[in-house]
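At position 262 of the sequence shown the residue is numbered 262 (the UniProt record's numbering), and the sequence of numbers has no breaks.
Idealized CB from N, CA, C, for every residue including glycine.
This one's a predicted model, so the numbers in the text were calculated from it and none came from an experiment.
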Amino acid sequence: MSNDTRVPSRVFRPAQEEAETANTNSGTPQTEHPAYRLAFQDMDFLLREDLRPVRFQLELLKPQLILDAANIASTFVVYGSARIPEPEKAQALLELADTPEQKKVAERLIEKSRYYDVARELARTVSNFPLDEAGKRHFVVCSGGGPSIMEAANRGARDVGADTVALNIVLPHEQAPNPYVTPSLSMQFHYFALRKMHFLLHARAVAVFPGGFGTFDESFELLTLIQTGKIDPIPVLFYGKEFWQRVVNFEALCEEGVIGPRDLNLFHFVETAEEGWQIVQDFWRDKQAKG
Numbered sequence: 001m002s003n004d005t006r007v008p009s010r011v012f013r014p015a016q017e018e019a020e021t022a023n024t025n026s027g028t029p030q031t032e033h034p035a036y037r038l039a040f041q042d043m044d045f046l047l048r049e050d051l052r053p054v055r056f057q058l059e060l061l062k063p064q065l066i067l068d069a070a071n072i073a074s075t076f077v078v079y080g081s082a083r084i085p086e087p088e089k090a091q092a093l094l095e096l097a098d099t100p101e102q103k104k105v106a107e108r109l110i111e112k113s114r115y116y117d118v119a120r121e122l123a124r125t126v127s128n129f130p131l132d133e134a135g136k137r138h139f140v141v142c143s144g145g146g147p148s149i150m151e152a153a154n155r156g157a158r159d160v161g162a163d164t165v166a167l168n169i170v171l172p173h174e175q176a177p178n179p180y181v182t183p184s185l186s187m188q189f190h191y192f193a194l195r196k197m198h199f200l201l202h203a204r205a206v207a208v209f210p211g212g213f214g215t216f217d218e219s220f221e222l223l224t225l226i227q228t229g230k231i232d233p234i235p236v237l238f239y240g241k242e243f244w245q246r247v248v249n250f251e252a253l254c255e256e257g258v259i260g261p262r263d264l265n266l267f268h269f270v271e272t273a274e275e276g277w278q279i280v281q282d283f284w285r286d287k288q289a290k291g
């Protein structure tokens, strides 16, 4: 056989070609019946209750392939409220308050609005991290893709011309991705569990800003995974010590014996972008030095 003989890389037709051919079949009772559809083109079939394991696999695989194609090796994840306004719009909350209770809530949200700017500055800083020797990108900013703190994170990355990731989720009320997310890295999930897994698969640092149930869910699952050794420790930054110590009594958990004293070292309270980024850099330098 000649050395210049070329062997084809495949002999089966691509699925896309097969799908196009299948869609041109003549209309007969047999070809028009749902049973005749190709399985991967049959949405009624794919949405069956007993196809849930397949949907799990697809939702796990698609984001991974997207990140791989974008040469993203690690991310800097930002959790936080969808309700904290940016400072320029914060005063409007107070003007809309009708009762003393609403006014008090508005004042507290206004006080926390400074964290919008902190999240934005933090994202600008980490987005300047250089490529590694293989051309892979690290500490790519990743948020839930919604408004407020999430928007600030994506916006900060966009400020410096960097790509930024969003892992959005289908909710009963509409939650469109904020406009600062890189379109090719804007992903949507059906399953909360798989979304949370993707947040942490590539995370090499996590910043947790003040937030509600969703932020608690995401951040305390992360602490549990580190505490139980399911994942290796990574820097976890809790922004807003006053807020977090008011809504969660970490010391009481320790005093009650339901967590250990060492568990209080799983995270850091921070206030500024510079302080948080320094902790992340020091953590990974120490890790590298120790081998």
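Task: Touching by the beta-carbon criterion (3+ pairs, under 8 Å), the region 195 to 212 and the region 77 to 84 - done: By the C-beta criterion, the region 195 to 212 is judged to be in contact with the region 77 to 84, since at least 3 inter-stretch pairs fall below 8 Å.
Task: Spatial distance of Thr-75 from Trp-277 (CA atoms) - done: Their Cα atoms are separated by approximately 13 Å.
Task: Rounded C-alpha distance that separates Ala-289 from Asp-282 - done: About 10 Å.
Open item on the list: Whole angstroms are fine: how far does the CA of Thr-21 sit from the CA of Arg-12?
Closed with: Before going on, a small fix: residue 12 reads as Phe here, not Arg. So the two alpha carbons sit approximately 14 Å from each other.
TODO: Give me whichever residues DSSP pairs with Ile-72 in a beta bridge.
DONE: According to DSSP, which records beta bridges pairwise, Ile-72 is partnered with Arg-137.
Open item on the list: Measuring alpha carbon to alpha carbon, tell me which residue in Pro-177, Asp-42, Ala-205 and Thr-99 is nearest Ala-73.
Closed with: Out of Pro-177, Asp-42, Ala-205 and Thr-99, Ala-205 has the C-alpha closest to the C-alpha of Ala-73.
TODO: For Gln-188, write down the residues that DSSP places opposite it in a beta bridge.
DONE: Its beta-bridge partners are Asn-168.
Task: Inside the region 107 to 163 only - beta strand (DSSP E) runs reaching at least 3 residues - done: Listed in chain order, the complete beta strand (DSSP E) runs (minimum 3 residues) inside the region 107 to 163 are 140 to 143.
Task: Rounded straight-line distance, which links the Cα of Arg-195 to that of Asp-50 - done: Cα-Cα distance, rounded: 21 Å.
Open item on the list: Tell me the DSSP secondary structure of His-268 in three-state form.
Closed with: DSSP places His-268 in the strand class (E or B) of the three-state scheme.
Open item on the list: Quick check on Arg-204: does DSSP put it in helix, strand or coil?
Closed with: Strand.
- [ ] Could you tell me if Arg-48 is buried or exposed, where buried requires 16 or more neighbouring beta carbons within 10 angstroms of its beta carbon?
- [x] Per the 10 Å Cβ criterion, exposed.
Open item on the list: Distance check for Asp-232 and Lys-287, CA to CA, integer angstroms please.
Closed with: So the alpha carbons of these two residues sit roughly 11 Å apart.
Open item on the list: Could you tell me the alpha carbon to alpha carbon distance between Gly-161 and Ala-252, rounded to whole angstroms?
Closed with: Cα to Cα, the separation comes out at about 44 Å.
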